Amino acid sequence: MLPLIHSCVTINSERIENNLNTIKVYCIIKNSVYGMTGVKMANPMADKYAKDMTQGDPTRLILAFMLPMMMGNIFQQFYNIVDTIIAGRFIDAKALAAVGSTGHVTNLFFALGNGLATGIGIVVSQFFGAGNMKGVKKVITNALVIVTATSVFVGLIGFVFSRPVLTYVMKTPEDILENAVAYMSITCIGFFGTALYNTISYIMRGIGDSKTPLYFLIISSFLNVAMDLVFVIAFGMGVSGLAIATITAQILSAVCSITYAFFKNPVFKIDKSDWKMDPHIIIKCYKIGGSMALQSGLVALSFVILQRVINSFDSVVVAAFTTTSKIESLVNMQFKALQDSLSTFTGQNIGAKQGKRVRKGFQNGMKMMILYAVVMIIVMGLFGDVLVKIFIDSSETDIIAYGSKAMRILSYFYLPLGMIYVCRGTLNGAGDAKFPAISGASEMIGRIIFPALLCSLPFIGAWGLWISTGITWTIVGVTAFIRFNMKDWRGGLDI
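Counting in our numbering, the final residue of the sequence shown is number 497, and the numbers go up one at a time with none missing.
#1: Determine the DSSP secondary structure at residue 487, reduced to helix, strand or coil.
#2: Taking buried to mean at least 16 other C-beta atoms within 10 Å of its own C-beta, is residue 11 buried or exposed?
#3: Report the CB separation of residue 279 from residue 147 in whole angstroms; it is logged as a contact under 8 angstroms.
#4: To test your reading of the DSSP string, which unbroken alpha helix (DSSP H) runs of 4 or more residues are found completely within the region 161-197?
#5: For the region 219-286, list the alpha helix (DSSP H) runs that are entirely contained and at least 4 residues long, ordered along the chain.
#6: Which residues bound the alpha helix (DSSP H) around residue 460?
#7: Going by beta carbon distance, what residues of the same chain come within less than 7 angstroms of residue 131, once the five residues before and after it are set aside?
#8: Can you name, in chain order, every residue of its own chain whose Cβ lies under 6 angstroms from the Cβ of residue 252, other than the five neighbours on each side?
#9: Helix, strand or coil: which one does DSSP assign to residue 415?
#10: Between residue 213 and residue 70, is the Cβ-Cβ spacing less than 7 angstroms?
#11: Between the region 233-244 and the region 377-393, do three or more beta carbon pairs fall short of 8 angstroms?
#12: Near residue 273, which residues of its chain fall below 8 angstroms by C-beta distance, leaving aside the five closest residues on each side in sequence?
#13: Would you kindly report the start and end of the unbroken alpha helix (DSSP H) that includes residue 342?
#14: If you pair each beta-carbon of the region 201-215 with each one of the region 114-130, do three or more pairs fall below 8 angstroms?
#15: Throw me the rounded Cβ distance for the residue 106 and residue 306 pair, which I believe falls under 8 angstroms.
#16: Write down the C-beta distance between residue 498 and residue 178 rounded to the nearest angstrom, noting that I regard them as a contact closer than 8 angstroms.
#17: Please state whether the Cβ-Cβ distance between residue 430 and residue 345 is less than 7 angstroms.
#18: Under 7 angstroms between the Cβ atoms of residue 290 and residue 494?
#19: Short check: CB of residue 110 to CB of residue 302, under 7 angstroms?
#20: Are the beta-carbon atoms belonging to residue 388 and residue 402 less than 7 angstroms from one another?
#21: Quick one: what's got a C-beta closer than 8 angstroms to residue 486's C-beta in the same chain, skipping five residues either side?
#22: Look at the alpha carbon of residue 183 and the alpha carbon of residue 332, and state the distance between them as a whole number of angstroms.
#23: Below 7 angstroms between beta carbons: does that hold for residue 52 and residue 209?
#24: What three-state label does DSSP hand residue 434 in the structure shown?
#25: Determine whether the beta carbon atoms of residue 340 and residue 442 lie at a separation below 7 angstroms.
#26: Do you know how far the Cα of residue 258 is from the Cα of residue 60?
#27: Applying the 10 Å Cβ sphere with the 16-neighbour rule, what's the burial state of residue 175?
#28: Beta-carbon separation of residue 322 and residue 414 under 7 angstroms?
#29: Is the distance from the Cβ of residue 185 to the Cβ of residue 245 below 7 angstroms?
#30: Measure the alpha-carbon distance for residue 419 versus residue 475 and round it to whole angstroms.
#31: Please state the DSSP three-state secondary structure of residue 493.
#32: If you reduce the DSSP assignment to three classes, tell me which class residue 23 lands in.
#33: Please report the straight-line C-alpha distance between residue 470 and residue 484, rounded to a whole angstrom.
#34: With a Cβ-Cβ cutoff of 7 angstroms, do residue 81 and residue 314 count as a contact?
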């Protein structure tokens with residue numbers, strides 16, 4: 003007896019038009035002889051170039067998606083550390099200080115670009131989850147145009163105002179000012195390369211591919227280190243060489259990843275009609291991406307202001323805070339990997355109208371977060387001093403004592419910190435444009451008010467820098483959880 007079609011998901015005209023490239027086409031078939039049901043028909047290239055996260059075990063999907071990003075974070079830290087070593091050992095201490103003095107300002111620019119790229123990736127994931135491949139292609143083309151235009155504009159602003167900002171806002175010491183201006187100016191010129199690289203990476207993640215961005219990040223890391231050695235050691239270009247190496251590696255990685263995507267990935271097979279600018283797509287990208295850029299920008303701005311409070315203490319406290327910030331960033335990066343995984347998972351399932359899977363993903367994300375947070379609390383309690391010694395010479399006993407105690411203080415707040423990332427990942431994936439602004443503003447206010455208040459108390463003093471960070475995490479974490487439990491961001495879905 004011939005199989006009878008029992009039921010079939012309605013496929014709209016756009017999906018019929020793009021059926022050769024569509025990743026999800028579902029038909030449930032019932033065979034009256036063999037009793038078969040639930041047969042899925044899918045593009046055989048789906049697993050290679052994209053990952054459908056609207057079915058299957060949420061925990062396994064999230065973990066499989068997250069692991070490549072965790073590895074990528076390690077590589078990113080690797081070349082950041084190598085940059086620091088080359089500046090300090092092969093140039094001089096002033097070069098290291100010059101590069102460090104630009105950190106918070108350049109991070110502000112990169113945070114804006116990364117926020118926009120993140121939002122674009124979420125828009126892609128929602129269209130992909132809905133099976134709207136025409137929409138995915140339109141987002142890709144429109145995103146490349148708006149990111150290029152935005153990043154060139156932002157980069158020019160940074161280039162033009164690098165000296166005034168470093169001189170009058172950051173109060174950069176005169177003996178390192180010229181190197182700092184050179185480093186920031188060159189970095190801003192190449193900002194478009196970093197923005198495009200991040201955008202392509204987040205688009206790939208939006209369709210469920212977190213492995214390919216890892217490969218290009220590894221290539222970028224080794225290119226950066228190799229060119230650091232060539233420009234700084236072989237050519238003697240100093241701080242300028244470090245900046246040129248960084249932006250060159252990013253631009254080459256952007257070119258390679260874009261070339262790979264358009265020539266190898268069927269999702270990126272674009273028609274001429276897809277290059278038409280779509281106001282609806284542009285508004286959606288800027289609405290979600292802009293709110294995330296605002297959040298990232300506010301947080302980065304808060305660190306610029308916080309640095310002035312930090313600089314009011316002696317060199318031991320400043321060195322301890324710098325060291326603990328490096329360790330904290332390593333902890334945060336793994337939370338960030340979980341957040342980005344949940345964003346893609348949520349985005350695809352929101353697009354597919356599967357609210358219960360969104361809830362399941364959130365619950366599983368919370369369990370993973372709690373496990374990781376508890377492990378890190380134990381690690382900081384037992385090995386905090388060992389971690390500090392990785393960055394500080396063992397003879398600097400005062401800094402080590404300060405830093406190890408500070409890490410224990412921070413670790414007590416890892417649970418609310420993790421809650422921020424889990425809630426943020428879910429809300430971002432759903433396209434909630436309100437929460438990023440609320441979260442960013444809360445974090446900025448906390449990082450500005452609490453350090454100034456607590457550090458002024460004689461019985462707290464410098465410890466207020468770390469305690470205020472923990473209090474800020476707690477406030478933002480509670481705010482995030484409250485926002486998650488509201489209904490207005492759910493679009494009528496049962497989440």
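Virtual Cβ for every residue (Gly too), placed ideally from N, Cα, C.
Remember, it's a predicted structure, so these values are computed and weren't measured experimentally.
Here's the rundown:
#1: Reduced to three states, the DSSP call for residue 487 is coil.
#2: Unreliable positioning characterises residue 11 in this predicted model, as indicated by a pLDDT of 40, which lies under 50. The coordinate reading is nonetheless provided below. Sixteen is the threshold: since fewer than 16 other Cβ atoms of the shown chains lie within 10 Å of the Cβ of residue 11, the residue is exposed.
#3: Indeed, because the Cβ distance is near 7 angstroms, the residues count as touching under 8 angstroms.
#4: List check, alpha helix (DSSP H) in window: 176-191.
#5: Listed in chain order, they are 240-266.
#6: Note, residue 460: premise wrong, no alpha helix (DSSP H); not H, not E.
#7: Correct list, in chain order: 56, 349, 350, 351, 352, 353 and 354.
#8: Cβ within range, chain order: 195, 196 and 199.
#9: The DSSP-derived three-state label of residue 415 is coil.
#10: Going by C-beta atoms, residue 213 is nearer than 7 angstroms to residue 70.
#11: Taking a contact to require three or more Cβ pairs closer than 8 angstroms, the region 233-244 and the region 377-393 do not qualify as touching.
#12: In its chain, beyond the 5 residues on either side, 139 have a beta carbon closer than 8 angstroms to the beta carbon of residue 273.
#13: Where residue 342 is concerned, the enclosing alpha helix (DSSP H) stretches over 317-353.
#14: They touch, by the three-pair rule.
#15: Between residue 306 and residue 106 the Cβ distance is about 5 angstroms, and since that is below 8 angstroms, they are a contact.
#16: Nothing in the structure corresponds to residue 498, since the chain is present only between 3 and 497.
#17: Cβ distance < 7 angstroms, so residue 430 and residue 345 count as in contact.
#18: The Cβ atoms of residue 290 and residue 494 lie no closer than 7 angstroms to each other.
#19: Using a Cβ distance threshold of 7 angstroms, residue 110 and residue 302 count as a contacting pair.
#20: No; because the gap between Cβ atoms is not below 7 angstroms, this pair is not in contact.
#21: Answer for residue 486: 364, 425, 428 and 429, listed in chain order.
#22: Rounded to the nearest angstrom, the gap between the Cα atoms of residue 183 and residue 332 is 28 angstroms.
#23: For the pair residue 52 and residue 209, the CB atoms are nearer than the 7 angstroms cut-off.
#24: Reduced to three states, the DSSP call for residue 434 is coil.
#25: Cβ distance not < 7 angstroms, so residue 340 and residue 442 don't count as in contact.
#26: Distance from the CA of residue 60 to the CA of residue 258, rounded to the nearest whole angstrom, comes to 32 angstroms.
#27: It is exposed - the Cβ of residue 175 has fewer than 16 other Cβ atoms within 10 Å.
#28: Taking 7 angstroms as the Cβ cut-off, residue 322 and residue 414 do not qualify as a contacting pair.
#29: Yes, they are a contact pair.
#30: If I take the Cα positions, the gap works out to 5 angstroms.
#31: Residue 493 falls in the coil class under three-state DSSP.
#32: Confidence at residue 23 is low in this model, with a pLDDT of 42, below 50, so its placement is unreliable and the value that follows should be read with caution. In this structure, residue 23 counts as coil in the three-state DSSP scheme.
#33: C-alpha separation (whole angstroms): 21 angstroms.
#34: No.
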